[in-house]
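As structure tokens, the structure follows; a few thoughts come after it.
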Amino acid sequence: MTEWGVARAASVLAAAEAQRIDRGPITAEWPELDLETAYQVQDEILCRKVESGEHIVGVKLGLTSRAKQQRMGIDSPLTAWLTDRMVLPAGAPLVVGQLIHPRVEPEIVFVLGERLAGPGVTAARAMEAVSHVYGGLEIIDSRFTDFKFTLPDVVADNASSALFVVGGVARKPEDLDLALEACLLAVDGEVVDSATGAAVQGHPGEALALAANALAKRRQALEPGWVVLTGGLTDAVFVEPGSRVSADFSTLGSVTLRCE
Ligand code: OOG
Ligand code: MG
1 MTEWGVARAA
11 SVLAAAEAQR
21 IDRGPITAEW
31 PELDLETAYQ
41 VQDEILCRKV
51 ESGEHIVGVK
61 LGLTSRAKQQ
71 RMGIDSPLTA
81 WLTDRMVLPA
91 GAPLVVGQLI
101 HPRVEPEIVF
111 VLGERLAGPG
121 VTAARAMEAV
131 SHVYGGLEII
141 DSRFTDFKFT
151 LPDVVADNAS
161 SALFVVGGVA
171 RKPEDLDLAL
181 EACLLAVDGE
191 VVDSATGAAV
201 QGHPGEALAL
211 AANALAKRRQ
221 ALEPGWVVLT
231 GGLTDAVFVE
241 PGSRVSADFS
251 TLGSVTLRCE
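For the sequence shown, the UniProt record's numbering begins at 1 and goes up steadily by one.
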């Protein structure tokens with residue numbers, strides 16, 4: 001059998017995504033997979049997507065809230081890539097059968113007006129680079145069975161990314177108190193969870209700074225116009241055909257996702 005390496009891990013994860021077949025964690029077969037190599041796998045998968053015509057539209061943070069960290073059993077945040085193929089237009093249905101086992105989580109979303117490059121980026125500096133803030137929903141779909149993974153596994157798997165929806169209400173960051181921005185997560189009209197922006201690293205601007213500083217270690221920066229998903233505010237909910245998930249934000253409007 002071929003030795004494990006970046007190329008093989010990228011192929012295995014890309015195949016799981018394309019065929020919608022989950023698998024065991026890569027670290028079970030390749031325990032030497034460390035964080036640095038896992039990010040190389042993530043970058044290799046991105047490279048292949050770009051070669052096949054996808055475009056980078058931004059980055060996402062994962063595991064930035066305690067709710068998410070506790071659920072996944074991993075307490076360190078991570079970054080991953082967003083491409084145009086992951087954009088689900090507001091109002092479009094989520095076709096559950098096109099994914100493996102989707103879960104949906106509410107997030108505060110930034111669009112950058114300027115380039116943001118670490119190291120040394122503070123939350124205050126990070127917020128200066130934000131042109132608009134939105135409410136959003138991320139649809140995650142781990143390629144690993146039962147969402148069971150270690151940090152290197154989930155990093156290699158591009159942080160379980162699948163799709164995301166950005167809400168229709170845009171606000172200027174200076175008009176908001178994002179630590180106090182509240183979000184109610186409802187499934188079929190029933191509120192199942194709630195949080196404020198402070199759930200994400202104390203303030204979502206801290207998550208943005210974290211992304212800029214983490215990317216700088218890999219000689220990358222956040223570019224103008226990029227979307228940044230700052231991480232699930234609450235635990236994610238499983239969905240099935242017929243489910244309706246909505247995130248009602250105090251000032252960022254409501255984002256609703258119909259599943260079929
Ligand atoms: C990992 C992705 C985490 C978030 O917002 O915390 C994430 C997972 O939960 O499968 O997207
Ligand atoms: Mg997320």
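Built from N, CA and C at the ideal position, the CB exists for glycine as well.
Residues near residue i by beta carbon distance below 8 Å, same chain, minus five either side
i	result
P25	F144, K148, F149, T150 and D153
H31	Contrary to the premise, residue 31 reads as Pro rather than His in this sequence. Cβ within range, chain order: n/a, list empty.
Ligand 1 heavy atom lying under 7 Å from the CB of residue i
i	result
A247	no
V154	yes
I140	yes
G73	no
S160	yes
Three-state secondary structure assigned by DSSP to residue i
i	result
G120	coil
T64	coil
E17	helix
T251	coil
G232	strand
L215	helix
L208	helix
S131	strand
V41	helix
Residue i: CB within 7 Å of a non-hydrogen atom of ligand 2
i	result
G91	no
G135	no
E32	no
K148	no
G225	no
L88	no
G53	no
E206	no
residue 302	Because the chain is modelled from 1 through 260, residue 302 falls outside the range shown and cannot be assessed.
K60	yes
L229	yes
Residue i classed as buried or exposed, judged by whether at least 16 other C-beta atoms fall within 10 angstroms
i	result
K68	buried
R103	buried
C259	buried
F238	exposed
L229	buried
7 Å CB neighbourhood of residue i in its chain, flanking five on each side removed
i	result
Q171	Position check: residue 171 holds Arg in this sequence, whereas Gln was assumed. Cβ neighbours of R171 beyond the five flanking positions: H132, V133, T251 and L252.
M86	S161, A162, L163 and F164
P93	R258, C259 and E260
Close Cβ partners of residue i (< 6 Å) along its chain, the five nearest in sequence each way excluded
i	result
G91	none
D99	Contrary to the premise, residue 99 reads as Leu rather than Asp in this sequence. D141 and A162, listed in sequence order.
E138	E105, E107, F164 and L229
Per DSSP, cross-strand counterpart(s) of residue i
i	result
P106	L137
L163	I139
D193	L185
I56	T83
S243	None, per the DSSP bridge assignment.
C259	L94
Residue i Cβ short of 7 Å to ligand 4 heavy atom set
i	result
R244	Inclusion of ligand 4 in the displayed structure is not the case, the ligand content consisting of ligand 1 and ligand 2 alone.
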